[in-house]
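Mapped onto my numbering, the consecutive letters of the sequence shown carry residue numbers 2 to 115. Don't be surprised by glycine CBs; every beta carbon is placed ideally from N, CA and C.
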Amino acid sequence: MNLYEHTIIARQDVSPSQIKQIEEKYSKIIEKFNGDVVKHENWGLMNLSYLIKKNKKGNYIHFKIKGDGKIISELEKNEKIDKNLLRYLTVKVKKFDLNTDYFKKEDTREDQSK
2 MNLYEHTIIA RQDVSPSQIK QIEEKYSKII EKFNGDVVKH ENWGLMNLSY
52 LIKKNKKGNY IHFKIKGDGK IISELEKNEK IDKNLLRYLT VKVKKFDLNT
102 DYFKKEDTRE DQSK
């Protein structure tokens, strides 16, 4: 089985309930093709580096997936036609970093700077 990190950027005007539906939709596709979602993260609304389809911000959703290439091709096929999505990216990795939450908002950053 291969390991993949898959990130989706949804439009900025998508509601939280629609984000849940997007997460569930793509999780079901992964499970349908005998894949496994090892970890799922919602990074929230973040600024984009440049305008994408007249959007300045996007809702980031990140999956850590275990499976084969058929899963990725099926995900990308569905994401191409989804009007709520701006971009998607899949990266094949050798191992997952499950300990670090890169985009989690913490108050410990203030403690470290002192």
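Unbroken alpha helix (DSSP H) run spanning residue i, endpoints
i          : result
residue 79 : 70–82
Collapsed DSSP secondary structure at residue i in the structure displayed
i          : result
residue 65 : strand
residue 4  : strand
residue 56 : strand
Chain-order list of residues whose beta-carbon lies under 7 Å from that of residue i (same chain, five-residue window excluded)
i          : result
residue 48 : 57, 58
residue 36 : 66, 67, 68, 72
Residue range of the beta strand (DSSP E) that includes residue i
i          : result
residue 33 : Counting along the chain, residue 33 falls outside any beta strand (DSSP E), though it belongs to the alpha helix (DSSP H) covering 17–33.
residue 47 : 37–53
residue 91 : 86–94
Beta carbon proximity, residue i to chain C, threshold 9 Å
i          : result
residue 64 : Chain labels in this structure do not include chain C; a single protein chain is all it has.
Beta-carbon spacing of residue i, residue j below 9 Å
i          : j          : result
residue 15 : residue 79 : no
Sequence-distant residues of the same chain with beta carbon closer than 8 Å to residue i, five excluded per side
i          : result
residue 13 : 46, 56, 57, 58, 59, 60
Residue from the options whose Cα sits closest to the Cα of residue i
i          : options        : result
residue 87 : 23, 102, 99    : 23
residue 94 : 76, 83, 64, 75 : 64
Contacts around residue i, its chain only, beta-carbon distance under 6 Å, and the 5 residues preceding and following it disregarded
i           : result
residue 110 : With a pLDDT of 47 at residue 110, under the threshold of 50, the modelled position of that residue is not reliable, and no figure is offered here.
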